[in-house]
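Trainee: Once you've had a glance at the structure underneath, I'll fire off some questions.
Number of protein chains: 2
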Amino acid sequence: MARVRISDVAAAAGVSTSTVSLVLNDRTGARISEETRARVREAAAVVGYTPNSIARGLRTQRTRTIGLVSDVIATTPFAGRMLAGAQDAAREHGHLLILVNTDADPAVERDAIRALVDHQVDAMIFATMWHRVVETPEGLPDRTVFLDCRPADGTRPAVVPDEVAGGRAAVRELLAAGHRRIAWLDIDEPDPPVASGLRHQAYREVLAEAGITPDPAWHVRGDGTTAASGRAATDRLLDLPPHRRPTAIFCFNDRMAAGAYVAARHRGLEIPADLSVVGYDDQQLVAGELDPPLTTIALPHYEMGRWAAEVALGAREPPEPDQPYLMPCPIIRRDSVSSPPAAAPTPAGGEPDTTP
Amino acid sequence: MARVRISDVAAAAGVSTSTVSLVLNDRTGARISEETRARVREAAAVVGYTPNSIARGLRTQRTRTIGLVSDVIATTPFAGRMLAGAQDAAREHGHLLILVNTDADPAVERDAIRALVDHQVDAMIFATMWHRVVETPEGLPDRTVFLDCRPADGTRPAVVPDEVAGGRAAVRELLAAGHRRIAWLDIDEPDPPVASGLRHQAYREVLAEAGITPDPAWHVRGDGTTAASGRAATDRLLDLPPHRRPTAIFCFNDRMAAGAYVAARHRGLEIPADLSVVGYDDQQLVAGELDPPLTTIALPHYEMGRWAAEVALGAREPPEPDQPYLMPCPIIRRDSVSSPPAAAPTPAGGEPDTTP
DNA sequence: TGAGACTGCTAAATCGATTGACCAAATCTT
DNA sequence: AAGATTTGGTCAATCGATTTAGCAGTCTCA
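Line by line, the protein sequences give chains E and F. Position 124, counted from 1, in the first sequence is what numbering that gives the first Met the number 0 calls 123; the numbers after and before it change by one each time, with no gaps. Position 118, counted from 1, in the second sequence is what numbering that gives the first Met the number 0 calls 117; the numbers after and before it change by one each time, with no gaps.
Here it is, written out as structure tokens:
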């Protein structure tokens with residue numbers, strides 16, 4: 000069954016294809032009588048006409064598609080949310096999303112960009128699944144938005160999570176519960192992700208504001224990808240003498256927080272009564288299923304995906320053209336934070352609590 | 000900077016556009032001298048020509064795109080793997096994947112299908128994130144493949160996980176470790192997923208083969224979405240009198256298996272020494288991070304995505320045209336299965352172990 | 001030597017829409 | 001009543017490729 004073409008509608012309505020096009024596209028300024036318009040619309044409905052997007056795209060040079068190239072989509076639970084955000088926004092604006100996943104292979108990436116450009120996408124989104132700084136790949140069209148990464152040359156709009164604000168919220172949560180000895184369970188990688196530095200910065204700032212000088216021993220590291228590494232790092236923390244031992248841990252991510260739980264449990268420590276924990280990422284399957292459920296900071300992947308698509312389509316202006324947009328990371332309060340154990344002695348070198 | 004067109008190549012090489020097209024597409028049978036061919040290729044490379052896919056698509060009626068419409072992509076960790084499989088296969092065949100996620104909204108679904116058809120996709124994949132039977136939506140092109148779902152009228156190729164084989168592997172694993180009292184922690188839903196029935200069927204068959212008549216009390220249920228429900232169901236199992244109490248549990252999914260861990264731990268039971276557990280789904284963040292890591296059955300989402308794209312592109316024939324293809328679910332052996340506790344008494348009504 | 005075959009390449013039609021130029025008829029001006 | 005406007009539409013070019021039919025020229029061979 001062949002597709003219905005515009006000429007079929009024209010024949011059915013007894014007018015030219017020009018008229019059909021003019022009517023169906025609601026071209027204001029086109030002088031077509033209301034009577035004819037009605038007849039055309041009726042005919043189009045009867046024969047079930049929908050315009051061929053390819054033909055239209057060739058003529059108008061706009062395809063109503065947006066290309067999204069990303070590095071890894073399979074191995075992260077975040078990808079779906081990011082895609083969903085971008086796709087929802089695209090759909091709301093009558094656009095389709097073409098997805099290419101490069102597995103971080105430069106050759107594939109180059110081909111993908113070219114294929115998308117050849118397909119005449121109206122805009123492009125370049126996404127990574129981990130917040131980082133990237134070299135701008137060759138061949139990217141002007142209308143490109145960076146998603147969860149920042150181009151080294153800040154030439155195009157970009158959106159990344161507001162890691163500093165997120166980190167502050169996490170540490171403040173612990174501070175507000177009364178903790179003074181707060182550890183930072185960092186990620187240990189040869190090339191640390193930008194999130195690590197930013198969250199650490201937040202950690203230091205907030206403690207400083209509260210008049211706390213963190214004990215260097217409170218800064219521990221795990222590989223970031225396994226709970227086991229979080230457990231090992233936490234063990235190092237719990238091995239500290241009582242007056243230096245942290246009563247709370249801010250973890251780089253939920254998986255390592257899960258390791259902190261294991262370490263605590265193996266020593267008979269209760270969470271949160273004996274040890275408070277805050278994670279990052281809000282990985283539902285980890286944070287929500289831990290016992291007790293983990294308080295954490297959510298990464299706003301859906302919102303970032305949406306933002307990227309809206310900016311790519313010109314439906315939203317980036318507030319500061321040359322700066323990446325910082326998407327807020329909301330805190331998700333569950334049950335892993337409480338006040339520190341009453342018996343906890345004040346740290347030896349601890350300043351008096353002068354919080355206003 | 001305007002795109003390079005075929006006419007630019009033609010001008011640079013001093014030939015007609017026809018010749019350029021013939022050469023660049025390697026049309027066998029076209030009589031073009033080797034000398035001219037070289038000149039054209041050279042010119043194309045120099046000016047950096049890549050064909051405009053839209054123009055080509057209009058003429059050839061093939062767009063080298065494949066449309067994928069799915070219900071929920073964001074809220075499941077499986078989606079990524081499925082998309083990755085489909086997308087990898089598409090890329091290997093020079094195709095692009097256009098993704099639409101309908102959130103199971105019928106109106107959105109209808110619009111999405113129409114938009115994809117209007118975009119002249121060469122083939123379509125209709126995917127769901129949970130194995131189920133669906134009514135064939137209106138307007139789907141002939142070249143449609145169903146992914147992780149089966150059309151009620153078996154008119155088109157479909158691929159689903161081989162739940163029965165997976166379930167058998169799980170129960171056999173337990174049997175092989177020496178268990179005789181094996182529970183089935185089912186999912187409890189008003190409209191139970193097809194996976195539930197199929198895995199239960201596998202459970203009964205394998206036990207029957209081993210000459211075991213399962214105690215009805217071994218069939219318990221949880222809501223399937225939370226670990227808490229798995230814990231409650233497991234508590235019911237562990238409350239059974241010692242001679243009826245199961246030594247192993249086959250869980251509908253990993254999340255409920257996580258709940259089983261919690262229940263066991265709260266009674267001071269060790270896994271796997273006191274209780275063996277097998278899950279289903281292989282959700283990395285759950286199964287891999289439990290302590291001890293969970294033995295489970297993996298859902299082959301990547302492979303199914305790949306299969307669907309290959310069949311959609313005609314690169315592979317479905318072996319049985321009218322039957323859904325059953326993709327094997329591999330068992331992932333970790334550390335949650337061991338032989339039953341030595342003290343475990345033989346079930347009261349237990350048959351002698353006659354396994355060959 | 002001249003018909004037929006072959007070689008190398010091009011002209012022009014085509015895909016299905018959009019759109020600026022233009023036309024015929026009706027209406028308005030003066 | 002002749003010219004100017006307005007109304008309601010159509011013609012044909014166009015987007016950028018692919019593809020079929022066919023045109024010159026050369027070669028073959030009776």
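Virtual Cβ for every residue (Gly too), placed ideally from N, Cα, C.
Buried or exposed: where does Gly348 of chain F fall if 16 or more other Cβ atoms within 10 Å of its Cβ makes it buried?
Mentor: Per-residue confidence for Gly348 of chain F stands at a pLDDT of 42, beneath the threshold of 50, marking its modelled position as unreliable; the derived number appears in the next sentence. Burial call: exposed.
Trainee: Could you tell me if the beta carbon of Thr59 of chain E falls within a distance shorter than 6 Å of some heavy atom in the ligand SAH?
Mentor: The ligand SAH is not part of this structure, which contains no ligands at all.
Trainee: Which residues in the same chain as Trp306 of chain E place their Cβ atom closer than 6 Å to its Cβ, once the five residues preceding and following it in sequence are excluded?
Mentor: Cβ neighbours of Trp306 of chain E beyond the five flanking positions: Val158.
Trainee: Would you say Ala297 of chain F and Ala85 of chain F are within 7 Å of each other, going by their C-beta atoms?
Mentor: Cβ distance not < 7 Å, so Ala297 of chain F and Ala85 of chain F don't count as in contact.
Trainee: With respect to the alpha helix (DSSP H) encompassing His218 of chain F, which residues constitute its N-terminal and C-terminal limits?
Mentor: Where His218 of chain F is concerned, there is no enclosing alpha helix (DSSP H), although the beta strand (DSSP E) it sits in stretches over 218-221.
Trainee: Select from F:Val8, F:Ala106, F:Asp185, F:Gln282 the residue whose C-alpha is nearest the C-alpha of Arg203 of chain F.
Mentor: Taking only the C-alpha atoms, the option nearest Arg203 of chain F is F:Asp185.
Trainee: Would you tell me roughly how many angstroms separate the C-alpha atoms of Arg230 of chain F and Arg254 of chain F, rounded to the nearest one?
Mentor: Roughly 10 Å between the two C-alpha positions.
Trainee: Can you name the start and end residues of the beta strand (DSSP E) that Ser69 of chain F belongs to?
Mentor: 64-69 is the extent of the beta strand (DSSP E) around Ser69 of chain F.
Trainee: Just grab the DSSP bridge partners of Asn100 of chain E for me.
Mentor: Partner(s): E:Ser69.
Trainee: Residues in its own chain within less than 7 Å of Val46 of chain F by CB, not counting five upstream and five downstream?
Mentor: Around Val46 of chain F: Val3, Asp7, Val8, Ala11.
Trainee: Comparing alpha-carbon positions, which option in F:Asp141, F:Ile112, F:Met81, F:Ala37 lies nearest Thr127 of chain F?
Mentor: For the residues F:Asp141, F:Ile112, F:Met81, F:Ala37, the minimum Cα distance to Thr127 of chain F belongs to F:Met81.
Trainee: Assuming the contact rule is C-beta atoms closer than 8 Å, Gly56 of chain E and Thr49 of chain E should be a hit. Round their C-beta distance to whole Å, please.
Mentor: Not really, about 14 Å apart at Cβ, beyond 8 Å.
Trainee: Can you round the beta-carbon distance between Ile124 of chain F and Ile65 of chain F to whole angstroms, since I take them to be within the 8 Å contact cut?
Mentor: Between Ile65 of chain F and Ile124 of chain F the Cβ distance is about 7 Å, and since that is below 8 Å, they are a contact.
Trainee: With H, G and I counted as helix, E and B as strand and the rest as coil, what does DSSP make of Ile53 of chain E?
Mentor: Ile53 of chain E: helix per DSSP, three-state reduction.
Trainee: Can you tell me whether Asp70 of chain F is buried or exposed? The criterion is at least 16 other CB atoms within 10 Å of its CB, across all chains shown.
Mentor: By the 10 Å Cβ count, Asp70 of chain F comes out buried.
Trainee: Which chain E residues sit within Cβ distance under 7 Å of Thr49 of chain F?
Mentor: Within chain E, the residues near Thr49 of chain F are Arg113, Asp117.
Trainee: Expressed to the nearest angstrom, what Euclidean distance is found between the alpha-carbon atoms of Ser228 of chain E and Asn252 of chain E?
Mentor: Spanning the two alpha carbons is a distance of roughly 11 Å.
Trainee: Please tell me whether Pro76 of chain E has its Cβ less than 7 Å away from any Cβ of chain F.
Mentor: Yes - at least one Cβ of chain F is within 7 Å of the one on Pro76 of chain E.
Trainee: Report the rounded CA-to-CA distance for Ser338 of chain F versus Asp280 of chain F, giving the unit in angstroms.
Mentor: Cα to Cα, Ser338 of chain F sits roughly 23 Å from Asp280 of chain F.
Trainee: If I measure Cβ to Cβ from Ile248 of chain F and keep anything under 6 Å in the same chain, skipping five residues before and after, which residues do I get?
Mentor: Around Ile248 of chain F: Ala182, Leu184, Ala259, Val276.
Trainee: Using CA atoms only, rank isn't needed, just tell me which of F:Glu208, F:Ala176, F:Asp161, F:Ala207 is closest to Gly196 of chain F.
Mentor: Ranking the options by Cα distance to Gly196 of chain F, first place goes to F:Asp161.
Trainee: Between which residues of its own chain and Val22 of chain E is the CB-CB distance below 7 Å, once the five residues before and five after are set aside?
Mentor: Excluding sequence neighbours, Val22 of chain E sits near Ile31, Arg36, Val39, Arg40.
Trainee: List the residues of chain E that Leu237 of chain F touches, going by C-beta distances under 9 Å, in chain order.
Mentor: Within chain E, no residue comes near Leu237 of chain F; the closest Cβ sits about 17 Å away, beyond 9 Å.
Trainee: With the cut-off set at 7 Å, would you say Ser52 of chain E and His92 of chain F are in Cβ contact?
Mentor: No, Cβ-Cβ distance for Ser52 of chain E and His92 of chain F is not below 7 Å.
Trainee: Could you work out which residue in E:Glu108, E:Ala114, E:Cys250, E:Arg220 is closest to Arg167 of chain E when comparing CA atoms only?
Mentor: Nearest C-alpha to Arg167 of chain E: E:Cys250.
Trainee: For the alpha helix (DSSP H) containing Gly84 of chain F, list its first residue and its last residue.
Mentor: Taken as a continuous stretch (DSSP letters only), the alpha helix (DSSP H) holding Gly84 of chain F covers 77-91.
Trainee: Please confirm whether Asn100 of chain F has its beta-carbon closer than 7 Å to some beta-carbon of chain E.
Mentor: With 7 Å as the cut-off, Asn100 of chain F counts as an interface residue toward chain E.
Trainee: Roughly how many angstroms lie between the CA atoms of Thr135 of chain F and Asp102 of chain F, to the nearest whole one?
Mentor: Distance between the alpha carbons of Thr135 of chain F and Asp102 of chain F: 17 Å.
Trainee: Of all the CB atoms in chain E, is at least one closer than 7 Å to the CB of Leu23 of chain F?
Mentor: Leu23 of chain F does not count as touching chain E.
Trainee: Work out the CA separation of Gly304 of chain F and Val116 of chain E for me, nearest whole Å.
Mentor: Approximately 25 Å between the Cα atoms of the pair.
Trainee: Any beta carbon from chain F within less than 7 Å of Asp104 of chain E's own beta carbon?
Mentor: Answer no: the Cβ-Cβ gap between Asp104 of chain E and chain F never drops below 7 Å.
Trainee: So, is the C-beta of Gly348 of chain E closer than 7 Å to a C-beta in chain F?
Mentor: Residue confidence is low: Gly348 of chain E scores 42 on pLDDT, short of 50, so the model does not pin down where it sits. Its coordinate-derived value is still stated next. Gly348 of chain E does not count as touching chain F.
Trainee: Report the three-state DSSP secondary structure of Ala341 of chain F (helix, strand or coil).
Mentor: The answer is coil: DSSP assigns Ala341 of chain F none of H, G, I, E or B.
Trainee: What do you get for Asp147 of chain E, buried or exposed, if any count of 16 or more other CB atoms within 10 angstroms of its CB means buried?
Mentor: Asp147 of chain E should be labelled buried.
Trainee: Between Glu288 of chain F and chain E, is there a C-beta pair that is closer than 7 Å?
Mentor: Yes - at least one Cβ of chain E is within 7 Å of the one on Glu288 of chain F.
Trainee: Taking the beta strand (DSSP E) that Pro160 of chain F belongs to, which residues open and close that run?
Mentor: Its beta strand (DSSP E) spans residues 157-160.
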